[in-house]
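Residues in the sequence shown are numbered consecutively from 1324, following this note's numbering.
Quick reminder that beta carbons are idealized off the backbone N, C-alpha and C, glycines included.
Each remark here refers to the structure printed beneath this line.
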Amino acid sequence: MKGRFLAVDWGTTNRRVFVIGEYGTVEHTERDDHGVVKVGREGFVQEAAAIRRRLGDLPMLCAGMVGSDRGWVDAGYVPCPARIEDLAAALRWIEPGRIAIVPGLSFEGDDRADTMRGEEVQFLGAVAAGQVPSTALLAQPGTHCKWAHVADGAITRFTTAITGEMFALLKDHSLLAGQIDRAAEDDAAFLAGVERARSPNLLAHLFGVRADVLLGRRSREESASYASGLLIGADVAAHAAGASPFILAGPELGRLYARAVAAFGGEATIVDSHAAFVNGVRLIWDLVQ
(Lines of atoms letter the chains of each structure in order from A and count residues from 1; the text may use other names and numbers.)
(Lines give C-alpha, C1' and ligand atoms only; values in the text may rest on other atoms or scores of the structure.)
Protein backbone atom coordinates (compact mmCIF):
# COMPACT_ATOMS: atom_id res chain seq x y z
CA MET A 1 0.00 0.00 0.00
CA LYS A 2 1.44 3.33 -1.08
CA GLY A 3 -0.22 6.20 0.74
CA ARG A 4 -3.68 6.88 2.08
CA PHE A 5 -6.70 7.25 -0.21
CA LEU A 6 -10.48 7.55 -0.20
CA ALA A 7 -12.63 4.68 -1.45
CA VAL A 8 -16.23 5.50 -2.39
CA ASP A 9 -18.89 2.85 -2.95
CA TRP A 10 -21.31 5.12 -4.80
CA GLY A 11 -24.62 3.42 -5.49
CA THR A 12 -27.97 4.47 -6.87
CA THR A 13 -29.48 5.58 -3.56
CA ASN A 14 -26.70 5.24 -0.98
CA ARG A 15 -23.03 6.05 -0.65
CA ARG A 16 -20.28 4.66 1.58
CA VAL A 17 -16.94 6.42 1.99
CA PHE A 18 -13.85 4.75 3.47
CA VAL A 19 -10.56 6.35 4.45
CA ILE A 20 -7.96 3.67 3.68
CA GLY A 21 -4.74 4.05 5.62
CA GLU A 22 -1.17 3.66 4.45
CA TYR A 23 -1.10 -0.02 5.44
CA GLY A 24 -4.53 -0.89 4.07
CA THR A 25 -6.53 -0.47 7.27
CA VAL A 26 -9.87 1.34 7.36
CA GLU A 27 -9.35 4.51 9.39
CA HIS A 28 -12.85 5.93 9.01
CA THR A 29 -16.19 5.03 7.42
CA GLU A 30 -19.30 7.05 6.74
CA ARG A 31 -22.57 6.29 4.98
CA ASP A 32 -25.24 8.62 3.65
CA ASP A 33 -28.08 8.85 1.13
CA HIS A 34 -26.14 10.91 -1.43
CA GLY A 35 -26.46 8.28 -4.13
CA VAL A 36 -26.34 8.86 -7.85
CA VAL A 37 -30.03 9.78 -8.13
CA LYS A 38 -29.86 12.42 -5.41
CA VAL A 39 -26.55 13.95 -6.53
CA GLY A 40 -27.44 14.25 -10.22
CA ARG A 41 -24.98 14.40 -13.08
CA GLU A 42 -23.96 18.00 -12.39
CA GLY A 43 -23.27 17.48 -8.70
CA PHE A 44 -20.38 15.01 -8.58
CA VAL A 45 -17.54 17.52 -8.70
CA GLN A 46 -19.00 19.39 -5.74
CA GLU A 47 -19.70 16.17 -3.83
CA ALA A 48 -16.15 14.89 -4.33
CA ALA A 49 -14.80 18.23 -3.11
CA ALA A 50 -17.05 18.08 -0.05
CA ILE A 51 -15.81 14.58 0.81
CA ARG A 52 -12.22 15.80 0.61
CA ARG A 53 -12.97 18.80 2.81
CA ARG A 54 -14.36 16.48 5.48
CA LEU A 55 -11.90 13.61 5.25
CA GLY A 56 -8.72 14.99 3.74
CA ASP A 57 -7.35 16.04 0.36
CA LEU A 58 -6.57 12.47 -0.71
CA PRO A 59 -6.74 10.50 -3.97
CA MET A 60 -10.18 8.98 -4.54
CA LEU A 61 -11.22 5.65 -6.07
CA CYS A 62 -14.95 5.32 -6.82
CA ALA A 63 -17.01 2.27 -7.74
CA GLY A 64 -20.65 1.50 -8.40
CA MET A 65 -23.36 3.36 -10.28
CA VAL A 66 -21.24 6.51 -10.23
CA GLY A 67 -19.63 4.96 -13.33
CA SER A 68 -22.92 4.32 -15.14
CA ASP A 69 -24.65 6.32 -17.84
CA ARG A 70 -26.57 8.01 -15.01
CA GLY A 71 -23.45 8.79 -12.97
CA TRP A 72 -20.42 11.06 -13.10
CA VAL A 73 -19.08 9.53 -16.31
CA ASP A 74 -19.72 6.22 -18.04
CA ALA A 75 -16.73 4.08 -17.06
CA GLY A 76 -17.67 1.31 -19.48
CA TYR A 77 -17.47 -2.44 -18.99
CA VAL A 78 -14.71 -5.03 -18.92
CA PRO A 79 -15.88 -8.22 -20.68
CA CYS A 80 -15.75 -11.60 -18.97
CA PRO A 81 -13.61 -13.45 -18.17
CA ALA A 82 -12.15 -10.75 -15.93
CA ARG A 83 -9.70 -10.58 -13.05
CA ILE A 84 -9.03 -7.76 -10.63
CA GLU A 85 -5.99 -6.79 -12.72
CA ASP A 86 -8.34 -6.17 -15.66
CA LEU A 87 -10.38 -3.73 -13.58
CA ALA A 88 -7.25 -1.85 -12.55
CA ALA A 89 -6.05 -1.62 -16.15
CA ALA A 90 -9.38 -0.14 -17.30
CA LEU A 91 -9.94 2.56 -14.66
CA ARG A 92 -11.62 5.70 -15.97
CA TRP A 93 -9.55 8.62 -14.68
CA ILE A 94 -11.47 11.81 -13.95
CA GLU A 95 -8.35 13.55 -12.65
CA PRO A 96 -5.13 11.66 -13.51
CA GLY A 97 -3.57 10.18 -10.42
CA ARG A 98 -6.23 11.72 -8.19
CA ILE A 99 -9.76 10.51 -9.01
CA ALA A 100 -10.70 7.31 -10.84
CA ILE A 101 -13.81 5.19 -11.36
CA VAL A 102 -13.77 1.39 -11.57
CA PRO A 103 -15.47 -0.03 -14.69
CA GLY A 104 -18.25 -2.58 -14.53
CA LEU A 105 -18.30 -6.09 -16.01
CA SER A 106 -20.24 -7.43 -18.97
CA PHE A 107 -21.13 -10.94 -20.06
CA GLU A 108 -22.41 -11.98 -23.48
CA GLY A 109 -23.45 -15.55 -24.15
CA ASP A 110 -25.15 -17.16 -27.11
CA ASP A 111 -28.64 -16.49 -25.77
CA ARG A 112 -28.33 -13.66 -23.24
CA ALA A 113 -26.28 -10.72 -22.00
CA ASP A 114 -25.74 -9.24 -18.55
CA THR A 115 -23.96 -6.40 -16.79
CA MET A 116 -22.85 -5.53 -13.29
CA ARG A 117 -21.50 -2.36 -11.76
CA GLY A 118 -20.13 -2.29 -8.21
CA GLU A 119 -20.42 -5.97 -7.35
CA GLU A 120 -17.31 -6.78 -9.40
CA VAL A 121 -15.12 -4.99 -6.84
CA GLN A 122 -16.54 -7.08 -4.01
CA PHE A 123 -16.46 -10.40 -5.88
CA LEU A 124 -12.91 -10.03 -7.18
CA GLY A 125 -11.75 -8.40 -3.95
CA ALA A 126 -13.00 -11.41 -1.98
CA VAL A 127 -11.26 -13.78 -4.40
CA ALA A 128 -7.95 -11.90 -4.49
CA ALA A 129 -7.85 -11.49 -0.70
CA GLY A 130 -8.62 -15.16 -0.05
CA GLN A 131 -12.05 -14.61 1.51
CA VAL A 132 -13.44 -17.14 -0.98
CA PRO A 133 -11.80 -19.85 -3.12
CA SER A 134 -10.44 -18.97 -6.55
CA THR A 135 -13.02 -21.28 -8.12
CA ALA A 136 -16.51 -20.90 -6.65
CA LEU A 137 -20.10 -19.77 -7.06
CA LEU A 138 -20.58 -16.32 -5.51
CA ALA A 139 -23.78 -14.40 -4.83
CA GLN A 140 -24.51 -10.87 -3.75
CA PRO A 141 -28.20 -10.43 -2.94
CA GLY A 142 -29.87 -7.06 -2.69
CA THR A 143 -32.10 -5.02 -4.97
CA HIS A 144 -30.62 -7.11 -7.78
CA CYS A 145 -29.04 -10.44 -6.85
CA LYS A 146 -25.85 -11.23 -8.74
CA TRP A 147 -24.75 -14.85 -9.19
CA ALA A 148 -21.15 -15.05 -10.41
CA HIS A 149 -19.12 -18.08 -11.47
CA VAL A 150 -15.42 -17.70 -10.69
CA ALA A 151 -12.74 -19.99 -12.13
CA ASP A 152 -9.04 -19.65 -11.32
CA GLY A 153 -9.58 -16.16 -9.92
CA ALA A 154 -11.58 -14.77 -12.86
CA ILE A 155 -15.30 -14.10 -13.18
CA THR A 156 -16.25 -16.17 -16.22
CA ARG A 157 -20.02 -15.54 -16.31
CA PHE A 158 -22.78 -14.16 -14.15
CA THR A 159 -26.54 -13.73 -13.94
CA THR A 160 -28.68 -10.97 -12.45
CA ALA A 161 -32.06 -11.60 -10.81
CA ILE A 162 -34.28 -8.67 -9.78
CA THR A 163 -35.34 -10.48 -6.60
CA GLY A 164 -35.13 -7.60 -4.14
CA GLU A 165 -36.63 -5.11 -6.57
CA MET A 166 -39.56 -7.44 -7.19
CA PHE A 167 -40.22 -7.69 -3.44
CA ALA A 168 -40.14 -3.88 -3.16
CA LEU A 169 -42.54 -3.49 -6.10
CA LEU A 170 -44.95 -6.01 -4.61
CA LYS A 171 -44.71 -4.28 -1.23
CA ASP A 172 -45.31 -0.76 -2.51
CA HIS A 173 -47.11 -0.92 -5.86
CA SER A 174 -49.12 -4.12 -6.18
CA LEU A 175 -52.37 -5.73 -5.09
CA LEU A 176 -50.34 -7.20 -2.21
CA ALA A 177 -49.21 -3.82 -0.89
CA GLY A 178 -51.64 -3.91 2.02
CA GLN A 179 -50.40 -7.31 3.14
CA ILE A 180 -46.63 -7.05 2.62
CA ASP A 181 -46.14 -4.34 5.20
CA ARG A 182 -42.95 -5.37 7.00
CA ALA A 183 -39.52 -6.89 6.52
CA ALA A 184 -39.25 -10.61 5.90
CA GLU A 185 -38.10 -12.81 8.76
CA ASP A 186 -36.36 -16.16 8.91
CA ASP A 187 -39.44 -18.01 10.14
CA ALA A 188 -41.85 -20.80 9.26
CA ALA A 189 -43.71 -18.62 6.74
CA PHE A 190 -40.47 -17.84 4.91
CA LEU A 191 -39.56 -21.52 4.70
CA ALA A 192 -43.08 -22.34 3.50
CA GLY A 193 -42.56 -19.87 0.67
CA VAL A 194 -39.21 -21.44 -0.18
CA GLU A 195 -40.81 -24.88 -0.33
CA ARG A 196 -43.66 -23.60 -2.52
CA ALA A 197 -41.04 -22.16 -4.90
CA ARG A 198 -40.08 -25.72 -5.82
CA SER A 199 -43.13 -25.60 -8.08
CA PRO A 200 -42.29 -23.41 -11.12
CA ASN A 201 -45.55 -21.40 -11.23
CA LEU A 202 -44.17 -18.36 -9.38
CA LEU A 203 -46.65 -15.81 -10.74
CA ALA A 204 -49.61 -17.87 -9.56
CA HIS A 205 -47.96 -18.47 -6.18
CA LEU A 206 -47.56 -14.72 -5.68
CA PHE A 207 -51.30 -14.16 -6.16
CA GLY A 208 -51.76 -16.95 -3.66
CA VAL A 209 -50.24 -14.68 -1.01
CA ARG A 210 -53.48 -12.67 -1.18
CA ALA A 211 -55.81 -15.64 -1.53
CA ASP A 212 -54.33 -17.42 1.49
CA VAL A 213 -55.13 -14.43 3.71
CA LEU A 214 -58.63 -13.90 2.30
CA LEU A 215 -59.51 -17.56 2.90
CA GLY A 216 -57.91 -17.80 6.33
CA ARG A 217 -55.10 -20.14 5.31
CA ARG A 218 -52.36 -17.75 6.41
CA SER A 219 -52.27 -14.66 8.62
CA ARG A 220 -51.70 -11.21 7.15
CA GLU A 221 -48.58 -10.88 9.34
CA GLU A 222 -47.01 -13.87 7.59
CA SER A 223 -47.41 -12.42 4.10
CA ALA A 224 -44.07 -10.60 3.87
CA SER A 225 -42.01 -13.60 4.95
CA TYR A 226 -43.98 -15.96 2.73
CA ALA A 227 -43.65 -13.72 -0.34
CA SER A 228 -39.94 -13.28 0.34
CA GLY A 229 -39.58 -17.05 0.59
CA LEU A 230 -41.27 -17.46 -2.78
CA LEU A 231 -38.94 -14.97 -4.47
CA ILE A 232 -35.68 -16.03 -2.80
CA GLY A 233 -36.64 -19.69 -3.20
CA ALA A 234 -37.19 -19.21 -6.94
CA ASP A 235 -33.88 -17.35 -7.18
CA VAL A 236 -31.95 -20.10 -5.39
CA ALA A 237 -33.75 -22.87 -7.30
CA ALA A 238 -32.65 -21.33 -10.58
CA HIS A 239 -29.05 -20.61 -9.66
CA ALA A 240 -27.82 -22.62 -6.67
CA ALA A 241 -29.89 -25.76 -6.10
CA GLY A 242 -27.59 -28.33 -4.48
CA ALA A 243 -24.63 -25.93 -4.65
CA SER A 244 -22.39 -24.39 -2.00
CA PRO A 245 -22.33 -20.67 -2.82
CA PHE A 246 -20.45 -17.94 -0.99
CA ILE A 247 -22.92 -15.16 -0.20
CA LEU A 248 -21.63 -11.61 0.15
CA ALA A 249 -24.29 -9.94 2.27
CA GLY A 250 -25.23 -8.49 5.61
CA PRO A 251 -26.31 -10.93 8.32
CA GLU A 252 -30.10 -10.64 7.89
CA LEU A 253 -30.32 -11.05 4.11
CA GLY A 254 -27.44 -13.50 4.11
CA ARG A 255 -29.29 -15.69 6.61
CA LEU A 256 -32.43 -15.78 4.44
CA TYR A 257 -30.44 -16.86 1.39
CA ALA A 258 -28.49 -19.43 3.42
CA ARG A 259 -31.75 -20.98 4.67
CA ALA A 260 -33.07 -21.18 1.12
CA VAL A 261 -29.84 -22.74 -0.13
CA ALA A 262 -30.05 -25.35 2.65
CA ALA A 263 -33.68 -26.11 1.74
CA PHE A 264 -32.53 -26.89 -1.80
CA GLY A 265 -29.80 -29.25 -0.61
CA GLY A 266 -26.80 -26.92 -0.57
CA GLU A 267 -24.65 -25.23 2.04
CA ALA A 268 -23.95 -21.50 1.92
CA THR A 269 -21.09 -19.55 3.46
CA ILE A 270 -21.77 -15.90 4.34
CA VAL A 271 -18.92 -13.49 3.55
CA ASP A 272 -18.52 -9.94 4.88
CA SER A 273 -19.37 -7.78 1.85
CA HIS A 274 -17.94 -4.60 3.40
CA ALA A 275 -14.57 -6.29 3.91
CA ALA A 276 -14.72 -7.63 0.34
CA PHE A 277 -15.23 -4.11 -1.04
CA VAL A 278 -12.32 -2.73 0.98
CA ASN A 279 -10.11 -5.61 -0.15
CA GLY A 280 -11.09 -4.97 -3.75
CA VAL A 281 -10.44 -1.23 -3.84
CA ARG A 282 -7.22 -1.64 -1.88
CA LEU A 283 -5.86 -4.20 -4.36
CA ILE A 284 -6.95 -2.13 -7.37
CA TRP A 285 -5.28 0.96 -5.93
CA ASP A 286 -2.07 -0.96 -5.29
CA LEU A 287 -2.02 -2.13 -8.90
CA VAL A 288 -2.08 1.41 -10.31
CA GLN A 289 0.54 2.95 -8.00
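Based on Cα-Cα distance, which residue from A1411, S1522, C1385 and A1330 lies nearest to F1587?
S1522
Please give me, in chain order, every unbroken run of the alpha helix (DSSP H) with length at least 4 that falls completely inside the segment 1444 to 1529.
1486 to 1496 and 1511 to 1519
Taking contact to mean 3 or more Cβ pairs, one atom from each stretch, closer than 8 Å, check whether the segment 1430 to 1439 and the segment 1473 to 1490 are in contact.
yes
Taking DSSP's pairing of strands, which residues face A1436 in a bridge?
E1431
For D1535 and L1460, what's the separation of their Cα atoms in angstroms?
35 Å
Residues in the same chain with beta-carbon distance under 8 Å from L1492, minus the five sequence neighbours each way, listed in chain order, please.
none
Whether or not the segment 1570 to 1590 and the segment 1448 to 1464 are in contact is what I'm after, with contact meaning three or more pairs of Cβ atoms, one per stretch, closer than 8 Å; do they touch?
yes
Within its chain, find whatever has a CB closer than 6 Å to the CB of G1387; leave out the 5 residues flanking it on each side and keep chain order.
D1332, W1333, G1334 and G1441
With a Cβ-Cβ cutoff of 8 Å, do G1453 and L1606 count as a contact?
no
Determine the DSSP secondary structure at F1328, reduced to helix, strand or coil.
strand
I1593 and A1581: beta carbons closer than 8 Å?
yes
Nearest CA to the CA of V1611: which residue from I1422, T1486 and L1537?
I1422
Consult DSSP for D1355 and reduce its assignment to one of helix, strand or coil.
strand
With a threshold of 8 Å, are at least 3 pairs of Cβ atoms found where one atom belongs to the segment 1344 to 1358 and the other to the segment 1408 to 1423?
no
Whose C-alpha, out of E1443, V1401, R1376 and G1379, is nearest the C-alpha of N1602?
E1443
Given R1505, which residues of its chain have a CB within under 6 Å of its CB, disregarding the five upstream and five downstream residues?
A1547
Residues near Y1400 by beta carbon distance below 7 Å, same chain, minus five either side
P1426, G1427, L1428, S1429 and T1438
Could you please give the first and the last residue of the uninterrupted alpha helix (DSSP H) stretch that includes W1608?
S1596 to L1610
I'd like to know whether the C-beta atoms of L1329 and V1342 end up nearer to each other than 8 Å.
yes
Y1549 - containing alpha helix (DSSP H), residue span:
S1546 to H1562
Can you tell me the Cα-Cα spacing of F1446 and G1539, whole angstroms?
44 Å
Taking V1340 as the reference, give the member of L1414, S1391, G1379 and G1556 with the closest Cα.
G1379
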